[in-house]
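Read in order, the letters of the sequence shown correspond to residues 1365 to 1617 in our numbering.
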Amino acid sequence: MDGYKPPTFEYADFEQEIRAIENLAKNRFLDASAEGVFQRVRDQLRQLRVGRSNAPTYWQVDHESPVRTVLTDGYERGQRVGARNVFGEVSWCWQVRNCSGQGGPAKAFEIIGNASIRLRIVEHAVADTEIARWRVECGAADSPGCFFHTQVFGDDHDLLFPKNVPVPRLPTLFVTPMSVIEFFLGELFQDSWAKRLVGDDHDLLFWRKNQKRRLKQLLSWKLRQIEACDSGSPWLALKEAKPRTRDTLFCEE
């Protein structure tokens, strides 16, 4: 039966993805505190891997201890200096569980509930001030809107994008926290991040191959939804699509 199948990730691939983005971004782009954050999320994954198959748990980075960038005014291109000194923060909460195996540590895990990544841009001044916030999320089997989406999502009291009006949900190409971190670095460090990704060191080669595969799988999945549309509109077909058993998202094919 070709029913709903939540996004699934292989542990070995995921852990290497974490280490690659950390090594690519540390020192020059990420605050020194990021080292401890990455260590904690790797430890969480190792504990999850040896846990019970059907036991849901949270893999998360708290808002109070996010992955934080260094200060930057490099969010303009062409070596232009931005008007404000800012830093970025990424935190996330994924509800996950091990995939069933044949004994021993699990090889993969799947998302079973909330999967939300929060990004903030904070202006550094006498009192740090949040100037932008949005989320990158995976939906659920019964969620409205694009399954892989971005939401500009404020607090209850916010006049713009209040929490109780959860639209629009914008389609996204980024799924894992690590891919979101790379997107964020590319925005905050327009020129210097592009220069960092030139070369062929071990971490960069892995990152390039891994992200190319992930993007091809996701874009191919989106294209299949559009090509299969024979009623309504292609946009609604994409908006209503959910990963199915036949889909390969995002394990190795």
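C-beta atoms are modelled at their ideal positions from N, C-alpha and C, and glycine is treated no differently. Computed from a predicted structure; not experimentally measured.
Secondary structure of GLY1367, DSSP reduced to three states: coil
message = Using a Cβ-Cβ cutoff of less than 7 Å, which residues in the same chain neighbour GLU1379 once the five nearest sequence positions on both sides are dropped?
response = Around GLU1379: ARG1406 and LEU1409.
* Asked: Mind checking HIS1566: buried by the 16 CB within 10 Å criterion, or exposed?
  -> exposed
Alpha carbon to alpha carbon, how far is ARG1482 from PRO1532? Give it in angstroms, no decimals. 16 Å
- Message: Once the 5 residues before and after THR1536 are set aside, which same chain residues still bring their CB inside 7 Å of it?
- Response: VAL1500, PHE1512, HIS1513 and THR1514
Worksheet item: Using DSSP with H/G/I as helix, E/B as strand and the rest coil, what is GLN1443?
Response: coil
- [ ] Go ahead and pull the three-state DSSP assignment for ARG1413.
- [x] helix
Run through DSSP, which three-state label would GLY1477 get? strand
Suppose contacts are defined by Cβ-Cβ distances below 8 Å. Is GLU1432 in contact with ALA1384 by that definition? Going by the sequence as given, residue 1432 is Arg instead of Glu. It is not a contact, given that the beta carbons lie outside the stated cut-off.
Just how far apart, CA to CA, sit LEU1568 and TRP1557? 12 Å
Examine chain B for any beta-carbon lying closer than 8 Å to the beta-carbon of TRP1498, and answer yes or no. Looking for chain B here will not work: only one protein chain is present.
In terms of alpha-carbon separation, which member of LEU1435, PRO1541 and ALA1419 lies closest to PHE1393?
LEU1435
Count the other CB atoms, across all protein chains shown, that sit within 10 Å of the CB of TRP1599; report buried if there are 16 or more and exposed otherwise.
-> exposed
By how many angstroms is the C-alpha of ILE1545 removed from the C-alpha of SER1480?
-> 13 Å
Original post:
Expressed to the nearest angstrom, what Euclidean distance is found between the alpha-carbon atoms of CYS1593 and PHE1614?
Top reply: 23 Å
**OP:** Would you mind working out which of VAL1516, GLU1474, CYS1457 and ALA1496 sits nearest SER1417, comparing C-alpha positions?
**Re:** GLU1474
query = When DSSP builds the beta bridges, which residues end up paired with THR1436?
reply = VAL1450
- Which same chain residues, not among the five before or five after GLN1575, have their C-beta less than 8 Å away from its C-beta? SER1543 and GLU1546
Measuring alpha carbon to alpha carbon, tell me which residue in ASN1449, SER1507 and PRO1420 is nearest CYS1457. PRO1420
Extent of the continuous beta strand (DSSP E) to which ALA1496 belongs:
1493–1502
Query raised in the report: Is THR1493 buried or exposed, if buried means 16 or more other CB atoms sit within 10 Å of its CB?
Result: Here THR1493 is exposed: its Cβ has fewer than 16 other Cβ atoms, across all protein chains shown, within 10 Å.
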